[in-house]
Every structure is written in structure tokens, then in C-alpha cells.
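> Residues in the sequence shown are numbered from 61 upward in steps of one, following the working numbering. Glycine included, every Cβ here is placed at the ideal spot set by N, Cα and C.
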Amino acid sequence: MKKFILTSALLGLLALFTWYAYNFQGFFIDLDPGALITAHSTAWGKELAVRDEDGKWQPFEVRGVVLNGSLPGYVPNAFQPDEGTYLRWMRQIGDLGANTIRVYTVMDEEFYNALYTYNAGNNTPLYLLQSVRISDSMTNSARDAYESGFAEALLADGKEAVDVIHGKRIILANKTRGSGTYRKDISKWVLGFIIGHEWNPATIAYTNNRSHSIVYDGEFIRAKEGATVFEAMLASVMDQVVGYESRKYKVQRLISFMNDPSHDPFVYDQLYGRQIPKFSQLDIEQIEGTAMFHAGLFAAYRAYTFLPDFWSYLSREQIIRLGDIPARVDRRRSFDGYVQLLSEYHTAPVVVASLSFSSSRGIDTLHYGGPIDEKRQGELLVKAYEDIMATGASGAIITGYKDNWGQRAWNTSYAVDLSRAHMWHDLQTVAQSDGLLALEPIAYAPRVTIDGNPLEWEETKALVTQDGMKLYATYDAEALYVCVAGGVSSDVPLYVVLDVTPKSGSATYPPARLAFDRDVDFVLRLQGTGEGSRLLVQARYESRRANFFFETTRQDAYINPPQRDSNVFVPILSVLRRLGIPPETPEGQEPPPQYGTYETGRLTDGNADSLGTDFNSLTDVSFGLDAVEARIPWSLLNFSDPSAMMIHDDYYEHYGVKFIRIDALHIGLAQEGRVVGLEPLLLAGWEEVQIRERKKQSYYIVQKAWGVE
61 MKKFILTSAL LGLLALFTWY AYNFQGFFID LDPGALITAH STAWGKELAV
111 RDEDGKWQPF EVRGVVLNGS LPGYVPNAFQ PDEGTYLRWM RQIGDLGANT
161 IRVYTVMDEE FYNALYTYNA GNNTPLYLLQ SVRISDSMTN SARDAYESGF
211 AEALLADGKE AVDVIHGKRI ILANKTRGSG TYRKDISKWV LGFIIGHEWN
261 PATIAYTNNR SHSIVYDGEF IRAKEGATVF EAMLASVMDQ VVGYESRKYK
311 VQRLISFMND PSHDPFVYDQ LYGRQIPKFS QLDIEQIEGT AMFHAGLFAA
361 YRAYTFLPDF WSYLSREQII RLGDIPARVD RRRSFDGYVQ LLSEYHTAPV
411 VVASLSFSSS RGIDTLHYGG PIDEKRQGEL LVKAYEDIMA TGASGAIITG
461 YKDNWGQRAW NTSYAVDLSR AHMWHDLQTV AQSDGLLALE PIAYAPRVTI
511 DGNPLEWEET KALVTQDGMK LYATYDAEAL YVCVAGGVSS DVPLYVVLDV
561 TPKSGSATYP PARLAFDRDV DFVLRLQGTG EGSRLLVQAR YESRRANFFF
611 ETTRQDAYIN PPQRDSNVFV PILSVLRRLG IPPETPEGQE PPPQYGTYET
661 GRLTDGNADS LGTDFNSLTD VSFGLDAVEA RIPWSLLNFS DPSAMMIHDD
711 YYEHYGVKFI RIDALHIGLA QEGRVVGLEP LLLAGWEEVQ IRERKKQSYY
761 IVQKAWGVE
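1. Which two residues bound the contiguous alpha helix (DSSP H) that contains E713?
2. Assign Y618 to buried or exposed, taking buried as 16 or more other Cβ atoms, counted over all protein chains shown, within 10 Å of its Cβ.
3. Using the C-alpha atoms, what's the distance from A158 back to L124?
4. Since T98 sits in a beta bridge, which residues does DSSP pair it with?
5. Quick check on the burial criterion: 16 or more other C-beta atoms within 10 angstroms. Buried or exposed for P651?
6. For T288, does the three-state DSSP call read helix, strand or coil?
7. Entirely within the region 98-173 and at least 3 residues each: give me those beta strand (DSSP E) ranges in chain order.
8. May I ask you to report which of helix, strand or coil DSSP gives V490?
9. Using the C-alpha atoms, what's the distance from A174 back to Y242?
10. I'd like the list of long-range same chain contacts for I264, defined as Cβ closer than 7 Å, with 5 residues on each side in sequence excluded.
11. Just the Cα atoms here: how many angstroms apart are T612 and I423?
12. Spatial neighbours of V681 within its chain, please: C-beta separation below 6 Å, excluding the five flanking residues on both sides.
13. Near N179, which residues of its chain fall below 8 Å by C-beta distance, leaving aside the five closest residues on each side in sequence?
14. So, A730 versus L523, is the Cβ gap smaller than 7 Å?
15. List the endpoints of the continuous beta strand (DSSP E) containing Q598.
16. Can you give me the C-alpha to C-alpha distance between Q378 and I255, rounded to a whole angstrom?
17. For Q375 and F326, what's the separation of their Cα atoms in angstroms?
18. Pop quiz: L639 and L401 are said to be a contact at Cβ under 8 Å. What is the actual Cβ separation, rounded to whole angstroms?
19. If L636 and Y655 are in contact, beta carbons under 8 Å, what's the gap, nearest whole angstrom?
20. On the three-state DSSP scale, how would you describe R436?
21. To the nearest angstrom, report how far apart T199 and T509 are at their CA atoms.
22. Measure from the alpha carbon of E107 to the alpha carbon of each residue in V410, Q152, G716, E305, then state which is nearest.
23. Relative to the C-alpha of D625, which candidate in D477, E258, T679, R578 has its C-alpha closest?
24. Can you confirm whether the region 444-459 touches the region 117-133 when touching is taken to mean that 3 or more C-beta pairs between the two stretches lie within less than 8 Å?
25. Identify whether V399 lies in helix, strand or coil by the three-state DSSP scheme.
26. For a test of the three-state rule: what should DSSP assign to M318, helix, strand or coil?
27. Unbroken beta strand (DSSP E) runs of length 3 or more, entirely within the region 669-707: which are they?
28. On the criterion of 16 or more Cβ atoms from any shown chain inside 10 Å, does W79 qualify as buried, or is it exposed?
29. Out of curiosity, what's the CA-to-CA distance linking Y461 and T645?
30. Can you say whether A539 is buried or exposed, counting buried as having 16 or more other CB atoms within 10 angstroms of its CB?
31. Give every residue of the same chain whose Cβ lies closer than 6 Å to the Cβ of K530, excluding the five residues on either side of it in the sequence, and list them in chain order.
32. If you draw a straight line from the alpha carbon of V302 to that of I97, how long is it in whole angstroms?
33. Quick one: using the 10 Å Cβ neighbour count with 16 as the cut-off for buried, is S197 buried or exposed?
34. Sorted by chain position, which residues of the same chain lie with C-beta nearer than 8 Å to S550's C-beta, five sequence neighbours on each side aside?
35. Please look up how many angstroms separate the CB atoms of G397 and R391, rounded, as I've assumed it's under 8 Å.
36. Going by DSSP in three states, P570 sits in which element: helix, strand or coil?
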């Protein structure tokens, strides 16, 4: 009896161990190693193809969008959307005319359940491009792709993704990827895999200079003789992912790795390469499939304006190696013909796996002359897509379908609390508004619409009454809003003044002969004619000066800083990448500033009512009959986290940005030559965010271009 009990216990433990290994670790035994392996998708020369319901190959052009699992109010990768939310987005994506969704990593089970439900009920399915990525911290901290578990993490995540799409995996709590019990087999709708998301060029270069093997000859994928160490590592990961799916599920599909202009195959002149920076290369032409790989490889790229007129900076040797390709490229196309260069260069199909233009108020380059509204966003997306397809590429994917509050940008990250960026929509961060679906806060009902109509303010108590005018103020997770009603003329300058920080400020504003009963940090000049409307900041509280002064003027901000009570008010500037690369500075001369600037404090006059025929999504100010409305994005007022009402402390006390909390800001109203009294607007933060979804103008423009009327 004891022997029976012991045997039963051991068998039970073995069964439990096997169940755990199979569901959690991907363990399997190939019981039919000689079985036929089929392909669900393949590469035909420079084209992609998928099998239809009858098993016949059909050419496939990618019209896609990126979808992520983020929602305002939740940390990135919290995967808060439920199955119903994903399904609603998928229906909108299908209505857009898209045929592909790309995800950056393994999503939560609700996403795959929703995709199964959507495709099972539609004759025109949405295909999935499943990306595999490792954490940003590992990407940026690994010096060598063979150290710190870098390659191992890529491979483990790749195998995990294979099991997920086949509905045979259980993933518990996961810091950077989705989790759940995956039981829906959506594999027949998976177009392929993309390994990686954004590579650190330094990691590539460092890996290539180590003494690792550059030889990889796998069963399904191998590195060619001229491959670099990093390319050999990618070939190894791709081969093992393909091998895992081939042996376990007897099926294959397309595979690639992510690439972009910062490490594409092309070599730049050394002088310019150091400044861009562009010092490493990745080339899928150095990787090939064996006779055992039936699906094929494709080239996946992010496309953006890396460097205007980039042709001028390619090395002479690179131009020679390209042969007659440059002569065939139409440089009038989007991105100066960059995608056509890729299509001409590669023998594999090219897919632009990331294509975006932001409708954000903030910018980081003047390539398009300034911020672009939703209408122009759509027009640029359509032109880029049409240009891409005209080059012979196999399609493009718009990044992303919806706006993403949690994103960051190099020229605003210094000014915000990144750990709380998901709690508010920073209209100055370019990467937060590149979607086709706007996610707008609705903390207050009705939502303030900047259209010059003061009716929506009737239930609000006036904060200031002066000279027959009334000033109202409120706020949400995007901005501070003000309305001035009564006796307002667009021809006569009107001044709204704000005291934000207790650390500095001016008691006067000499250009308009204004005096204040408390120190003021910002002056909002509202005028519908002449110079228009703009927001000015007291010189001591200008964040660009304290943080990017040397990079934009080559002067030290901390030598003779502005006085705390300075009465000088200056334009609010954002920092931009320059459009070109300066030549080498002659010896003895000072090089030009690293960055340029743009006056982001200038406000756009228009109509923010999305139902209006004259709608302009960039509208900051709108004059109506005896009234004017304005929005002031939180970032322009030096709020680092409005959800906690945190602002910038004195820069010159702390040599940079530190945060302090306030519980009120003070607002005043006047015309020229007045003494202004300020009244407090009490501030309360928030820990929850409510939003509404709105399809942008760009959604409908893309929808029409993709053949949906």
C-alpha cells in the first residue's frame, strides 16, 4: 500500500511538473519529428503572401497600425484595457481599412481573446505582426549583447510569443509584458514576428568589437560570411524562434528584426557620423534562410526624417557600393527618398513597421515648419504611405492607433516627473499625440471647448471681475483654461497674469505698464490682431535657459542668472534638433550651438470645436462675441506633474529641475496701464483619470485613402 501511495505521489508530482513545464516554460517533446512543416505566410521575392481559407497563396500589402495596452491613468505596460475595449478598437481599426495590427510585445490575454473574437466574426481578418522586445533598462544598460542575459531574454521572449499565439501558455505577473492564461489559438492570423524594438547603437558597436563568433549556421536561418557579431546574434535568436515553432507546432511564418535609420546598413562620412550619431550598422542582407525555412525573411524599418538631405552625408565608399541606386531614387518622396533607397537596396520585402506624424502642440524639429494639426497629420500619413507603396515596399504601419499619455521626448523629459507622466496629457511632448484616436480628459462636464463661446462657463463662478469683464478659470488633465467675457475686443490687447511659484516673480510688467499686488511669473497677452496671442515667462523662471542655455546659445546659464524679482519677461522657447549638420569648425573658432529653438509660447487662434467646419486641433485661443477663451498647457506653466500639483522649484537654487507642490495659483486680469489684483484658483490633484475617445481628422483622411468611404 505504501509503495502504491508513493508511486501515485511520484506520478502526481511528475504530472504536475510536466503540466507546469509545458504551460509555464514551453517544454515539449517532439513526438513526430518527420511531420510536414507548413508556412502560413511567406516572402515572394520582394512581396509578402498569406494563405487564404482554401490554403492558396494570396499577395498581401500591409496597411497597419500599432496598438498598445496603455491607458491614461495607468503606468505603461499595465495592460488595463479589457477584452471589450480591445474589441471596440479592433472594430474601429477594421473600419479604418487596416488589415494588420502590430504589437510591441506579448500582450495580455484579453487582447488575443478580442482578436480571436473579431476575426472569427469577420470575413476580412486583422493580421498580427507580433514583436518581441526586452526592457528598455536592459536595452540601454547592456554593453554587450552576449552579456547581462540580453540575447537569452530575446530568445525566451520569442519562444513565449510563439506559445501565446498558439494559445498554449500561462504567464503570471509580468513587469514589462502581458500576462494571463492564453487559450485562444490565433496563429493562422499572425503574419510574422519582429525581433526587437529599438536597439542602442552603442550596444551594437560594442558587441561588434568584442571577440565573439561571427559564424552562425542554424538549421533554419544562418548568418552570411560578412555578418557582424550582432547580426550573428540576431540570426541565432531568429533561427531558434523559428525552430521552436517548427518543431512544436509544425508551422512557420515570416520573421525579421527591427531596424531604423540610426543603425541601417549605410555608412556615413566619419565627421557627420559622430554628430548624428550614426556609427553602427544592421543589415538583414547578412542573414539568410536555409532550405528548411519555407516562410522567409523581410526587412522591417522605422521611417522618419532622420536627417534632411541625408544623401550629402553618406561616405564616398558607401555611394560607390550603392552603384546606380541613388540615380533611381526620387528624392521628392517622403523622407527624401529614404524608403525607396531601402527598397532598391534590399532583396527581401521591405515593410515600414513604424510610421508616425504627431498632432502634438510640441515639436522637436522644424522639418515641417512647426506643429501640425490633425488634418495635416492625416495628409502626411497618406502621402508617406502612397510614396512607400510606390517604391515597391510591402506596406507600412502607423504608430500608433491611439494617443499615448505615457510617452516621453528628449526635449521635455527634463521638465516632467516621468514616473507620473501617465496621469496627464502633456501637449508639449511630441510622442504623446501621434495616434489617430485622441484620448481626451473629461474631468469636468461639460468639457471646455476653445471656440469663443462663453455659454459653457455660465455655471462657473467668476474668479475675477474688473472693468465690466469677468474672468473664469478651470483645468483638466491637459491644461489650464481661462475665459474672459464682457467688453472683449480682439483688437485691444488683454492681459491675464499668473503667479505660479512662490520662489520668484515680478511686481511689474513694463511693456504694458502693469503693476501687480503680488509677484507674477507669467503674462498671457491675448489679441486677435497684430502680434497675436502669446505667453511670456519671467526671466528667472524660464526653464529652457536653466537647462539648455549652453546647448542653444553656448553661454553658461549659471553665470549671472536673472534676479528673483527681475521685471524682464521673455518668450517661452522649446529646444529643437537642427535640420542639418554643421561643417567642421575651423581651429580657433567656436562651434555653433548644438540645438535650435522655437517659440512654443505663441498661441494659435482658431476653433477647437471638432464638429466645426473650421476646426483646428492646435487651437489655443478663440475670440467670440465680447469674449475670449484660451488654454494654457501645463508644461508651459512649468508644472512637472499637475496631477499632484507639482511645479518647478527655483532652478538656480538647485542647478536644475526640482519639484515643489502648490495648492493654488493666482490669476489677474487687466488692460494696459492698470494695477492688477490677483485672486487664488485653488488646485486639487487627481489619482484617477476619465477620458473620452475621439477619432481625429487624420483617422478619416487615412480611412478614405485606404478605400473606405
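In brief:
1. 711-714
2. exposed
3. Reading off the sequence, residue 124 comes out as Gly, not Leu. Rounded to the nearest angstrom, the two C-alpha atoms are 5 Å apart.
4. V311
5. exposed
6. coil
7. 101-104, 107-111, 117-120, 122-126, 160-163
8. helix
9. 12 Å
10. F290, H323, S340, L342
11. 16 Å
12. S593, L663, D665, A690
13. P185, L186, I246, W249
14. no
15. 594-598
16. 27 Å
17. This sequence places Ser at residue 375; Gln is not what is there. The straight-line gap from Cα to Cα measures roughly 9 Å.
18. That pair is no contact at about 19 Å.
19. 6 Å
20. helix
21. 42 Å
22. V410
23. R578
24. yes
25. helix
26. strand
27. 681-684, 687-693, 699-701
28. Per-residue confidence for W79 stands at a pLDDT of 49, beneath the threshold of 50, marking its modelled position as unreliable; the derived number appears in the next sentence. Exposed.
29. 43 Å
30. buried
31. A522, A545, G546
32. 11 Å
33. exposed
34. Q587, G588, T589, F683, V688
35. 4 Å
36. helix
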